[in-house]
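**Q**
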Amino acid sequence: MQTLTQKSGPLIMGIINVTPDSFSDGGQFQSLDACLAYAMTLIEDGADILDVGGESTRPGADLVAIEEELARVVPVISAIRQSSNIALSIDTRKPEVARACVAAGADCWNDVTALTYSAHSMAIAVALDVPVVLMHAQGDPKTMQQAPCYRDVTVDVLNYLVSRIGQAVHAGVKLEHIIIDPGIGFGKTVVHNLTLMRDLGRIAALGRPVLLGASRKRFIGALDQDATPDARLGGSLAAALWCADQGARILRVHDVAQTRQALKIHQALQDDTL
Numbered sequence: 001m002q003t004l005t006q007k008s009g010p011l012i013m014g015i016i017n018v019t020p021d022s023f024s025d026g027g028q029f030q031s032l033d034a035c036l037a038y039a040m041t042l043i044e045d046g047a048d049i050l051d052v053g054g055e056s057t058r059p060g061a062d063l064v065a066i067e068e069e070l071a072r073v074v075p076v077i078s079a080i081r082q083s084s085n086i087a088l089s090i091d092t093r094k095p096e097v098a099r100a101c102v103a104a105g106a107d108c109w110n111d112v113t114a115l116t117y118s119a120h121s122m123a124i125a126v127a128l129d130v131p132v133v134l135m136h137a138q139g140d141p142k143t144m145q146q147a148p149c150y151r152d153v154t155v156d157v158l159n160y161l162v163s164r165i166g167q168a169v170h171a172g173v174k175l176e177h178i179i180i181d182p183g184i185g186f187g188k189t190v191v192h193n194l195t196l197m198r199d200l201g202r203i204a205a206l207g208r209p210v211l212l213g214a215s216r217k218r219f220i221g222a223l224d225q226d227a228t229p230d231a232r233l234g235g236s237l238a239a240a241l242w243c244a245d246q247g248a249r250i251l252r253v254h255d256v257a258q259t260r261q262a263l264k265i266h267q268a269l270q271d272d273t274l
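When we follow UniProt numbering, the leftmost residue of the sequence shown carries the number 1, and every step to the right adds one.
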C-alpha cells in the first residue's frame, strides 16, 4: 500500500459501495462490470486508494450475512487487483471478510468497529499484517443515531482511540500499520461532528495517520436545507479542505475528481513559491 509520506497532501480514498442500501450510492454498482468500470473511473479521477464495501453502515442499516458480503466484495477486489496496482482497502466489520479480501488482493482493512466486532478480529488483524483503520463509533449502525451522548466528544473519542491503539499494539498489530478515524456520523449529532472536525488536530497529535470520512454525510444536509446526499458536494469539499488543514492524511470521498481539484487549488494558494 502506498505510504503516507509519498504525497505532500492527503491521500484520496474513493468509495465503492457494492450494496443495495448505502445512503448515497446504494444499488449503483452491484454488477461486477459496473464496479470495475467505476473503479477505473475513480483511478483516472485521481484516487490514491479505493475502499470497497459490501455492507452498508448507514444509520439504521441491517446486518449482512458473511456469505452475502463475501459474494459482493471478493470478486470486485479480485477484478480490480487484476486490472490495477492501486491500493485497495476492504471496508468491513467482519474478520472473515477482511481475510478473504486480503487474499484476493486488498492492502488494508478499514474497520468501523476498531477490531471489536468479533472475538477473532484482533488476532486476524495481527495475522494479516496489513494496515488497519481503527474507527470510533458509538453503538452499531442499527441504533447509533437514536440518542448519541458524550461528556466531551473530543476527549471521549481520543480516549477510545488511545485505548484501541494500545490494545492493538499489545496484541501484535504493528504500530506503523495503525490508522485512526474519529468516525464522523457514527453515533454523533451535528454538533458532535463539527466539534470533532474542529478538534481534528488533537486527534492527529496522537501520532497516527488520520482517515476522515465526511463526504455527503447527513450533517451537511442538516446544515443546509436538508440537502439530499447527491446535493452535498459543496459541503463535502468544505469539510475535506478544513480537515486537510487540520492534519487528515486520508480523505474518504465519493467525489474523487472534485476533491482532487479542490485540494490542488487549496495547496497552490498556500504555496507562496508559485
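Every residue gets a Cβ at the ideal spot worked out from N, C-alpha and C, and that includes glycine.
Note that this is a predicted model, so its numbers are computed, not measured.
1) Identify, in the order they occur along the chain, each residue of the same chain with its Cβ nearer than 7 angstroms to the Cβ of LYS217, setting aside the five sequence neighbours on each side.
2) Tell me which residues share the same chain as LEU63 and place their Cβ nearer than 8 angstroms to its Cβ, disregarding the 5 neighbours each side in the sequence.
3) Please classify residue 351 as buried or exposed, where buried requires at least 16 other C-beta atoms within 10 Å of its C-beta.
4) From this set, LEU134, ASP199 and PHE219, which residue's C-alpha is nearest ILE180's C-alpha?
5) DSSP state of VAL133, grouped into three classes?
6) Relative to the C-alpha of ASP230, which candidate in HIS254, LEU263, TRP242 and TYR117 has its C-alpha closest?
7) Would you mind listing the alpha helix (DSSP H) stretches within the segment 175-201 that are 4+ residues and don't spill past its ends, in chain order?
8) With a threshold of 16 other CB atoms inside 10 Å of the CB of ASP138, please say whether the residue is buried or exposed.
9) Pair every Cβ in the segment 260-268 with every Cβ in the segment 235-247, then say whether three or more of these pairs are closer than 8 angstroms.
10) For the candidate residues LEU36, ASP156, ALA37 and THR92, whose alpha-carbon lies nearest to that of GLY53?
11) Is the beta carbon of ARG208 sitting closer than 8 angstroms to the one on ILE178?
12) In angstroms, rounded to a whole number, what distance separates the CA positions of SER163 and ALA125?
13) I'd like to know whether the C-beta atoms of ARG81 and ALA104 end up nearer to each other than 8 angstroms.
14) For the beta strand (DSSP E) containing CYS108, name the first residue and the last one.
**A** Taking the geometry as given:
1) As a working note, residue 217 is residue 217 in the sequence shown. So the list reads ILE184 and GLY185, once near-sequence residues are dropped.
2) Indexing the sequence shown from 1 puts residue 63 at position 63. So the list reads GLU55 and LYS142, once near-sequence residues are dropped.
3) Since the first residue shown for the chain is 1 and the last is 274, residue 351 is missing from the structure and cannot be characterised.
4) Against the sequence shown, residue 180 aligns to sequence position 180. Selected option, being the one with the closest Cα: LEU134.
5) On the sequence shown, position 133 is the one that residue 133 refers to. The answer is strand: DSSP assigns VAL133 an E or B state.
6) Locating residue 230 in the sequence shown gives position 230, counting from the first residue. Cα-wise, what sits closest to ASP230 is HIS254.
7) 190-198
8) To locate residue 138, count along the sequence shown from 1; it is residue 138. Here the sequence assigns Gln to residue 138, which means Asp is not the residue at that position. With 16 or more other Cβ atoms inside 10 Å of its own Cβ, GLN138 counts as buried.
9) The segment 260-268 makes contact with the segment 235-247, as at least three CB pairs between them are under 8 angstroms.
10) In the sequence shown, residue 53 corresponds to position 53, counting from 1. Its Cα nearest to that of GLY53, the residue THR92 stands out among LEU36, ASP156, ALA37 and THR92.
11) Start at 1 with the first residue of the sequence shown, and residue 208 comes out as number 208. Start at 1 with the first residue of the sequence shown, and residue 178 comes out as number 178. Yes, these two residues count as a Cβ contact at 8 angstroms.
12) Taking the sequence shown and counting its residues from 1, the one referred to as residue 163 is at position 163. Taking the sequence shown and counting its residues from 1, the one referred to as residue 125 is at position 125. For SER163 and ALA125, the distance between alpha carbons rounds to 16 angstroms.
13) Counting from 1 along the sequence shown, the entry for residue 81 is found at position 81. Counting from 1 along the sequence shown, the entry for residue 104 is found at position 104. Cβ distance < 8 angstroms, so ARG81 and ALA104 count as in contact.
14) By 1-based counting over the sequence shown, the position of residue 108 is 108. From DSSP, the beta strand (DSSP E) with CYS108 extends over 108-111.
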